[in-house]
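Undergrad: Per our numbering: the sequence shown = residues 4 to 456. Heads up, the beta-carbon is just placed ideally off N, CA and C, and yes, glycines get one too. Below are the structure tokens for one structure; questions will follow.
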Amino acid sequence: MDWTERYRPRSLSEIRGNDKAVSQLRDWAGSWENHREAVILHGPPGVGKTSSAHALAEEMGWSVVELNASDQRTKRIIESIAGEAAASGTLTEGASGRRLIVLDEADNLHGNVDRGGTGAITRLVSAADQPFVLIANEYYDMSHGLRNRCRGIEFRSITSRSIVPVLRDICRREGIQFEEAALEHIAEQTSGDLRSAIQDLQAIASGRDALEVDDVITAERDRTDNIFTFLDGVIKEHNPRDAQRAAYRVDETPDDLLAWLDENVPKDFTGGELARAYRHLALADRWLGRVMATQEYRYWRYATNHLTAGVASSRDGPKGGWTRYGPPGYRRRLGQSRGSRNVRDAIARRIAEHGAMSVATARREVLPYVGAMTHHCKPRAFTESVATAFELDAKELSYLTGSGADTNKVTSIVEAATDRREPAETTVKEVDYEPAEAEGDDATGQAGLGDFL
4 MDWTERYRPR SLSEIRGNDK AVSQLRDWAG SWENHREAVI LHGPPGVGKT
54 SSAHALAEEM GWSVVELNAS DQRTKRIIES IAGEAAASGT LTEGASGRRL
104 IVLDEADNLH GNVDRGGTGA ITRLVSAADQ PFVLIANEYY DMSHGLRNRC
154 RGIEFRSITS RSIVPVLRDI CRREGIQFEE AALEHIAEQT SGDLRSAIQD
204 LQAIASGRDA LEVDDVITAE RDRTDNIFTF LDGVIKEHNP RDAQRAAYRV
254 DETPDDLLAW LDENVPKDFT GGELARAYRH LALADRWLGR VMATQEYRYW
304 RYATNHLTAG VASSRDGPKG GWTRYGPPGY RRRLGQSRGS RNVRDAIARR
354 IAEHGAMSVA TARREVLPYV GAMTHHCKPR AFTESVATAF ELDAKELSYL
404 TGSGADTNKV TSIVEAATDR REPAETTVKE VDYEPAEAEG DDATGQAGLG
454 DFL
């Protein structure tokens, strides 16, 4: 059994490393009858957000209704499951008569925006008769309107000093002797991610009844053998089983392995081999997308199987010779522009949600026109209406219009848009401008947005 599940905290007092956040969460729950606000637990992966929500329910005697998969967050599903739980007593209640509705990965709702998921959640948290917890890694990837309707509690990376006692307790309960330095080394290598530290401990301690610091260092050295050795084996000579084993000896996540294989498989594979290999890479990518949408890391094994055994089985026979493998240049270039792409996609998600279209359509067919119509924030009135309707912050408005984010022009438009925005959910159809009816309307900026949304 996965140790992260076996040793999941059962009460808030067992949560390590985020005392302030835990205290705020407990206070929120204790006074919920007075304020009836939803709460957003946000922070990096592996720091205890989801565990805290479940521990809170256990401590309060609340039952839990949880939505955490991307295919469970359409408007219909949200309103039929979470909506019923939030507004009625028809679902099984805890001893206290309360149910805690938990929405994991609340910053990843954009997969269903054309089906109203974000809007449904925003309405529910405003009217819920039951406590609501939303969990997010990226707080500012959530819609402005949703953030405004919730209380935010930040969880931070956990210090090594807080991780070591957890690892020590797990070792004792598993009957594993240990050197303190070994646990300290694991804690230091996981950069504040307690879940990763526990996973690393389980992987290194597997088959051992004692753990020394040399075991940890050796395991890390084995895992970091060489990415090029891994590529050589999977692409040229390993059978499927050996290819699977090779993945455990290289210090790369499945996402990284996908990028390396995507870059280098075409250097040795051609024709049917290449087609079969890319089919497995595509399937791996779909599993990795499921991981991102659900934070269920057990899906990594399925992605890894396609990346290793799948690619190796695509080969018609062993390949000799030497190949100059290189780093994933395409992924590297994407990483360099990730910031601007995230801003672009955030705007596209809002357009898609309001305009009843897919994010891809909004990004490809609408966003460029809105940008052209608001270039350098002109006309001012129309730009202000766009900023109001799509809840743009200064960075997003700067991206859309090409004006500097810290200019007086952008700052004043964002402030005006915030003042104009009504508490009720804004839709694109509430933009003040009508499609052009007469020649010359383009000059006022009143044509266009209504025409293509």
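Closest Cβ-Cβ distance between ASP212 and chain D: below 8 Å?
TA: Checking the listed chains, one finds no chain D in this structure; it contains a single protein chain.
Undergrad: In this structure, does DSSP put THR429 in helix, strand or coil?
TA: With a pLDDT of 42 at THR429, under the threshold of 50, the predicted position of this residue should be treated as unreliable, though the coordinate-derived value follows. Reduced to three states, the DSSP call for THR429 is coil.
Undergrad: Using the C-alpha atoms, what's the distance from VAL389 back to ARG318?
TA: 53 Å
Undergrad: If you drop the 5 nearest sequence neighbours on each side, which residues of the same chain put their C-beta closer than 7 Å to that of VAL346?
TA: LYS398, GLU399 and TYR402
Undergrad: Give me the residue from CYS380, THR53 and LEU197 with the minimum Cα distance to ALA109.
TA: Of the listed residues, the one whose Cα sits closest to ALA109 is THR53.
Undergrad: Taking the alpha carbon of SER316 as the reference point, which residue from THR232, ILE354, TRP325 and PHE272 has its own alpha carbon closest?
TA: PHE272
Undergrad: I'd like the span of the alpha helix (DSSP H) that includes ALA375, first residue to last.
TA: 370-376
Undergrad: Please classify TRP35: is it buried, with 16 or more other beta-carbons within 10 angstroms of its beta-carbon, or exposed?
TA: buried
Undergrad: Return the chain-ordered list of same chain residues with a C-beta closer than 7 Å to the C-beta of ILE230, the five sequence neighbours on each side being excluded.
TA: VAL253, GLU255 and TRP263
Undergrad: Can you give the Cα-Cα distance for GLY275 and LYS239, rounded to whole angstroms?
TA: 15 Å
Undergrad: Going by C-alpha to C-alpha distance, which of SER129, THR326, GLY20 and SER66 sits closest to SER270?
TA: The amino acid at residue 270 is misidentified as Ser; the sequence shows Lys. Of SER129, THR326, GLY20 and SER66, the residue nearest in Cα terms is THR326.
Undergrad: Starting from SER55, trace the alpha helix (DSSP H) in both directions and tell me its first and last residue.
TA: 52-63
Undergrad: Does the region 200-218 touch the region 180-187, meaning 3 or more C-beta pairs lie closer than 8 Å?
TA: yes
Undergrad: GLY178: which of THR193, LEU197, GLU61 and GLY210 sits nearest, CA to CA?
TA: GLY210
Undergrad: With respect to the alpha helix (DSSP H) encompassing LEU395, which residues constitute its N-terminal and C-terminal limits?
TA: Segment: none, LEU395 is in no alpha helix (DSSP H) and carries neither H nor E.
Undergrad: Please return the same chain residues whose Cβ sits closer than 7 Å to the Cβ of TYR300, not counting the five positions on each side in sequence.
TA: Within the same chain, Cβ atoms closer than 7 Å to the Cβ of TYR300 are found at VAL294, the five residues on either side in sequence being excluded.
Undergrad: Short of 8 Å in beta carbon distance, which residues of its chain neighbour ASP258, apart from the five on each side in sequence? Order them along the chain.
TA: LEU291
Undergrad: Can you confirm whether the region 134-148 touches the region 30-47 when touching is taken to mean that 3 or more C-beta pairs between the two stretches lie within less than 8 Å?
TA: yes
Undergrad: Please identify the residue among ARG353, ASN140 and THR232 whose C-alpha is closest to the C-alpha of GLU157.
TA: Nearest C-alpha to GLU157: ASN140.
Undergrad: Have a look at PRO47 and GLY324 and give me their C-alpha separation to the nearest angstrom.
TA: About 44 Å.
Undergrad: Can you check DSSP and say which residues form a bridge with GLN180?
TA: Residue pairing of GLN180 in beta bridges, as defined by DSSP: ALA213.
Undergrad: Measure the alpha-carbon distance for GLY407 versus PHE385 and round it to whole angstroms.
TA: 18 Å
Undergrad: Under DSSP, the alpha helix (DSSP H) around ARG150 begins and ends at which residues?
TA: 147-151
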